[in-house]
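Just add 3 to wherever you are in the sequence shown, counting from 1, and you've got this note's numbering.
Below is one structure, written out as structure tokens, with a few remarks after it.
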Amino acid sequence: MNIRRVSFDHPDAVKLNDQVQAEYAVRYGDEGDVTPLDPSMFEPPVGLYLMAYDAQERPVATGAWRTQDENDEGYSDGDAELKRMYVIDEARGNGLARRILAALEDDARAAGRVRMVLETGNKQPEAIALYASSGYEPCVKFGHYRFHEDSRCFAKLL
């Protein structure tokens, strides 16, 4: 697998984003994640968007982080927010999510961020298991979905 930086609006990123949104819609019975995002949020040094490609150069996984500081949505100064972690069905079980997560944590740390935070949902047990096994602990809810019952928030010091 080849993991490299791409922009949030790169065609491969858009393709996988559409796939993860469709999965969210099925799991939660809604339109997917409507958190407002802009490509500039994932441009170094304030963020990073990673794409994994298989040996045939097919996009198979994504992950990103963006800078967050104290605001009215419950973030704290120094936060890096994890976004768009996704692995296509055919590539699951190969450790890709864990590799992307580690690369994102390293990059956020190098950018001076002190805590990685993420929001997921209770209908994504695979994601919750990945984060728990990677040292993430439940934290006070933050972000766009902080008032939703299905929302689960986690944090890890970098």
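Every residue gets a Cβ at the ideal spot worked out from N, C-alpha and C, and that includes glycine.
Item	Value
Uninterrupted alpha helix (DSSP H) stretches inside the stretch 61–144 (no shorter than 4 residues)	99–113 and 128–136
Where phenylalanine 157 sits in the DSSP three-state scheme	strand
Nearest-angstrom beta carbon gap, arginine 155 and proline 141 [assumed within contact, 8 Å]	7 Å
Counterpart residues of glycine 50 in DSSP-defined beta bridges	Arg69
Arginine 8 - containing alpha helix (DSSP H), residue span	Where arginine 8 is concerned, there is no enclosing alpha helix (DSSP H), although the beta strand (DSSP E) it sits in stretches over 5–8.
C-beta atoms of tyrosine 52 and alanine 16 nearer than 8 Å	yes
Residue from Asp33, Gly77, Gly66 and Gln71 whose Cα sits closest to the Cα of valine 49	Gln71
Under the three-state DSSP convention, the category alanine 16 falls into	helix
Assigned exposure category for glutamate 122 - 16 Cβ within 10 Å defines buried	buried
Same chain only: Cβ atoms within 7 Å of glutamate 108, ignoring 5 sequence neighbours per side	Met119 and Leu161
DSSP-derived helix/strand/coil call for arginine 148	What sits at residue 148 in the sequence shown is tyrosine, not arginine. If DSSP states are grouped into helix, strand and coil, tyrosine 148 belongs with coil.
Exposed unless 16 or more other CB atoms sit within 10 angstroms - verdict on asparagine 125	exposed
Three-state secondary structure assigned by DSSP to alanine 28	helix
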